[in-house]
Structure formats: C-alpha cells, structure tokens
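**Student:** In this note's numbering, the protein residues as written are -6 to 251.
Glycine is no exception: its CB is placed at the ideal position from the N, C-alpha and C atoms.
One structure follows; several queries about it will come next.
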Ligand SMILES: [Zn+2]
Ligand SMILES: [Zn+2]
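Put into structure tokens, the structure is as follows:
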C-alpha cells in the first residue's frame, strides 16, 4: 500500500526514533511507500520531512508552506524552501493553499504565499499538493489564474462536493481521500469516493490527524491507511487489492516517483 500524504514530524511522534518506529510499523502493515509532507509545522517542517526521506528509502517528501503559516512567509524564506526542492527526495511542493475555516493567517497573506508557491512549481516543473478548506471555490480560481494545472495538482484530504471534484478532474487534477471516509458522518465523501475516476484517485492518512475507524481517537499513522483503502474499495465495489493497485499506480504517476 501507499500513503500519499502523512506528516512524519519528529515533534509529533517523539523525535527521530519515534518517526522511525512509525515507518517500521507502516512497513510491517504492508505500506511500502509514504509521502512525507514538509509543510504544516512552520518553515522547519520542510527540512524535517527531507531528513526522514533521507533516512528511509520508502519515504519521499514534499516541501511547502501551509496556509496556516502564511503569515511567516518572506521572500527569502520562500526562496530557501524552493532551493530545497532540488534534493532528489523532494517530489512536490506543498501542501499549500487556503484555509478559511481556521484563518490562522490573514487571508491576503494566504493568497500571496499560495500564488508564490504555484509560480515556483511552474518554474521548477513540480506537482503541487493542495490544502483547501471552506474557500468557496477561490482555491480553484487561483489555480486557474496561475495556470497551475500542467505540472500536476493534487487536492489532498478532499472533503468538497462531487461537483467540485468533477471540475478538478476535468482540469487534469487528482483527488486524495482521507480516513474521514470511514466515519459515520462522512458527508459527501462517500459519493466522491465512488465517483472519482479510477485514474485520479489517491488515498492518504494525513497522519497524525483524522485517524480512521476503528482507531478513531488515537494518533494517526501511515499503517492505518489500510482502513481507508478497505472502505473506499467497499464503496467502489472492488477488492482492496485491486484498489491498492490503482491508487499506488496513480500516486507514483502523479509524483513521478521512481
Ligand atoms: Zn491539509
Ligand atoms: Zn496534511
């Protein structure tokens, strides 16, 4: 199996040893590859994700600035981030985008940091991982305005409508389904999990958050991606093994993961 989105941050898992134990448990559970997202815990998350990827051949990473941290964006700090993407372990920029639910950074600063990262991704020819929460279509509009689709766009932890999923897919984008799909109250996510075209569908844990049933309430980790895989397979009427073949192939293609 493959986990297309996890935060293997030592600050969360009890240092480097804790992260290494999480990776070992994932491998034991049959998760052979993990994409460690270098974004979400300030600018330092990028280097920490890269460190994990360098220690583990089954881990690759992204580097980016989360919308929560957009208030810390300076031109110099962003330039340093983009320079890090030259490392062979870095497969994408992100996660980046807009979050109008928490509004942890002023919206104008979120927009500016998002656009700067999209422009860099085009220049560097890297795919982007998108975080989009309660933005009423603005994220999609910015992706259009920045002509971001050609290098690859992945909506991670997709919780939007099936109609918006169709718009993303029509533009060439990809959709990643998190463990929320296993919750009783999964909203539109069951419909999205069924309707997303097979060649655009990924799955993720978004560890350490959004732990799937039956471990809900515990800290999430990549080993638990199996529960999300099983639920999405059930919704689509295929076996977990068949769906795993599809989501693994899609993840490798999207990230140009070799
Ligand atoms: Zn996110
Ligand atoms: Zn995330």
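Three or more C-beta pairs under 8 Å: does that hold for the stretch 55 to 63 against the stretch 95 to 112?
**Tutor:** Cβ pair count under 8 Å is three or more, so yes.
**Student:** Can you tell me whether residue 87 is buried or exposed? The criterion is at least 16 other CB atoms within 10 Å of its CB, across all chains shown.
**Tutor:** Buried, because 16 or more other Cβ atoms sit within 10 Å of the Cβ of residue 87.
**Student:** With H, G and I counted as helix, E and B as strand and the rest as coil, what does DSSP make of residue 7?
**Tutor:** Correct three-state label for residue 7: coil.
**Student:** Taking the CB atoms as reference points, tell me whether residue 176 and residue 205 lie closer together than 9 Å.
**Tutor:** Contact flag set, yes.
**Student:** Quick one: is the Cβ of residue 88 within less than 8 Å of any heavy atom of ligand 2?
**Tutor:** True, at least one ligand heavy atom lies under 8 Å from that Cβ.
**Student:** At what residue ranges does the stretch 105 to 129 contain a whole run of the beta strand (DSSP E), taking only runs of 3 or more?
**Tutor:** As far as the stretch 105 to 129 is concerned, its whole beta strand (DSSP E) runs of at least 3 residues are 121 to 126.
**Student:** For residue 0, count the other beta carbons within 10 Å of its own beta carbon; 16 or more makes it buried, fewer makes it exposed. Which is it?
**Tutor:** Answer is buried; the Cβ neighbour count reaches 16.
**Student:** List the residues that DSSP assigns as beta-bridge partners of residue 92.
**Tutor:** The partner list for residue 92 (beta bridge, DSSP) reads 126.
**Student:** Rounding to the nearest angstrom, what Cα-Cα distance links residue 228 and residue 222 in this structure?
**Tutor:** Roughly 10 Å between the two C-alpha positions.
**Student:** Ligand 4 heavy atoms versus the CB of residue 13: any closer than 8 Å?
**Tutor:** Looking at this structure, you won't find ligand 4 anywhere; what it does contain is ligand 1 and ligand 2.
**Student:** By a C-beta neighbour count over all protein chains shown, 10 Å radius and 16 as the cutoff for buried, is residue 94 buried or exposed?
**Tutor:** Exposed is the call here.
**Student:** Does ligand 2 have a heavy atom nearer than 8 Å to the CB of residue 125?
**Tutor:** No.
**Student:** Quick one: what's got a C-beta closer than 6 Å to residue 109's C-beta in the same chain, skipping five residues either side?
**Tutor:** Contacts found: 71.
**Student:** Which stretch, first to last residue, makes up the alpha helix (DSSP H) that contains residue 246?
**Tutor:** 233 to 248 is the extent of the alpha helix (DSSP H) around residue 246.
**Student:** If we ignore side chains and look at the alpha-carbon of each, how far apart do residue 77 and residue 42 end up?
**Tutor:** Each residue's Cα considered, the two are about 11 Å apart.
**Student:** Across which residues does DSSP place residue 168 in a beta bridge pair?
**Tutor:** Note: residue 168 sits in a beta bridge opposite 148, 194.
**Student:** Shortest alpha-carbon distance to residue 149 belongs to which of 54, 165, 198?
**Tutor:** Looking at the Cα atoms, 198 is the closest of the given residues.
**Student:** Hey, could you find the ends of the beta strand (DSSP E) residue 30 is sitting in?
**Tutor:** It spans 26 to 31 - the beta strand (DSSP E) in which residue 30 sits, taken as one unbroken run.
**Student:** Along the alpha helix (DSSP H) that carries residue 187, what are the first and last residues, could you check?
**Tutor:** Element bounds for residue 187: 182 to 188.
**Student:** Under a Cβ-count criterion, where at least 16 other Cβ atoms within 10 Å of its own Cβ denotes burial, should residue 81 be classed as buried or exposed?
**Tutor:** Result: exposed.
**Student:** Expressed to the nearest angstrom, what Euclidean distance is found between the alpha-carbon atoms of residue 113 and residue 183?
**Tutor:** The straight-line gap from Cα to Cα measures roughly 34 Å.
**Student:** Taking just the CA atoms, how far does residue 188 sit from residue 98?
**Tutor:** Computed Cα separation, rounded: 33 Å.
**Student:** Considering only their Cβ atoms, is the gap separating residue 121 from residue 89 smaller than 9 Å?
**Tutor:** Result yes, Cβ atoms of residue 89 and residue 121 sit closer than 9 Å.
**Student:** Between which two residues does the alpha helix (DSSP H) containing residue 218 stretch?
**Tutor:** 218 to 229 is the extent of the alpha helix (DSSP H) around residue 218.
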